[in-house]
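The C-terminal residue of the sequence shown carries number 202 in the numbering used here, and the numbering is unbroken.
The beta carbon of each residue, even a glycine, is placed where N, CA and C say it ideally should be.
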Amino acid sequence: MNKDGVNNSKVEQMEKEGKRKRKTLSQQIEELKNEIKNKDLIINELKDKYLRLLADYDNFRKRTEKEIFEIQEYGGEKVLREILPIVDDLERAVNSNESEESLKKGIELIYKKLLKILKDLGVEPIESLGKEFDPDVHHALMVKETKDHLNNTVIEEFEKGYRYKDRILRHAKVVVGRNE
């Protein structure tokens with residue numbers, strides 16, 4: 023016992039316990055500091071990934087906007103390139119000194135060439151004459167009384183209709199027959 027009446031072994035034991043708790047707290051503080059450093063590294067890594075992803079997205083958006091603009095601005099370029107030889111042929115026909123018959127044959131060739139180009143581009147004429155009237159592909163200009171055709175049948179075609187792939191490019195303008 024010391025002069026204060028406290029058992030020395032008890033004091034030593036309390037001091038040891040205090041040192042052990044301080045050591046444990048110090049270790050815990052050090053572990054927490056290390057954990058914070060690790061979390062900071064992870065946060066910085068994720069932040070870097072986020073910024074790179076944001077930059078990639080911004081580049082993608084700009085590239086896509088540019089491509090859309092070019093498609094809108096120059097989308098018809100292929101069609102125009104295909105049609106230019108037809109324009110050249112028509113110009114030669116207009117400037118030609120040929121007879122009416124050879125001029126007619128030349129224009130027929132140009133017409134066939136144009137139809138082939140349209141077909142290659144996916145444009146097909148809609149067959150209407152003798153077919154049943156279909157409001158999805160025909161535009162009726164008038165109805166005529168007839169005894170020679172079935173009711174609701176296309177009997178005349180003023181203007182051919184055209185289909186582009188699976189869409190109607192232009193409705194056929196037709197006359198529809200009606201029986202009494």
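Proximity winner among 138, 137, 52 and 112, relative to residue 126 (alpha-carbon distances) | 112
Just mark residue 152 as buried or exposed, buried being the case when its beta carbon has 16 or more other beta carbons within 10 Å.
-> exposed
Grouping DSSP H, G and I as helix and E and B as strand, with all else coil, what is residue 98?
-> coil
Closer than 8 Å by C-beta to residue 180: which residues in its own chain qualify, once you throw out the five before and the five after it? Chain order, please.
-> 163, 195, 196 and 197
For residue 149, the three-state DSSP class (helix, strand or coil) | coil
Whose CA, out of 117, 94, 51 and 131, lies closest to the CA of residue 108?
-> 131
Delimiting residues of the alpha helix (DSSP H) encompassing residue 140 | 122-142
Thinking just about the alpha-carbon of each residue, which of 42, 159 and 87 is nearest to the one in residue 189?
-> 159
Validate contact between the region 63-73 and the region 92-101 using beta carbons, cut 8 Å, 3 pairs = no
Tell me the DSSP bridge mates of residue 181?
-> 195
With 16 other Cβ atoms within 10 Å as the buried cut-off, status of residue 193 = buried
Identify whether residue 168 lies in helix, strand or coil by the three-state DSSP scheme.
-> coil
When the Cα atoms are used, what is the spatial distance from residue 71 to residue 80?
-> 14 Å
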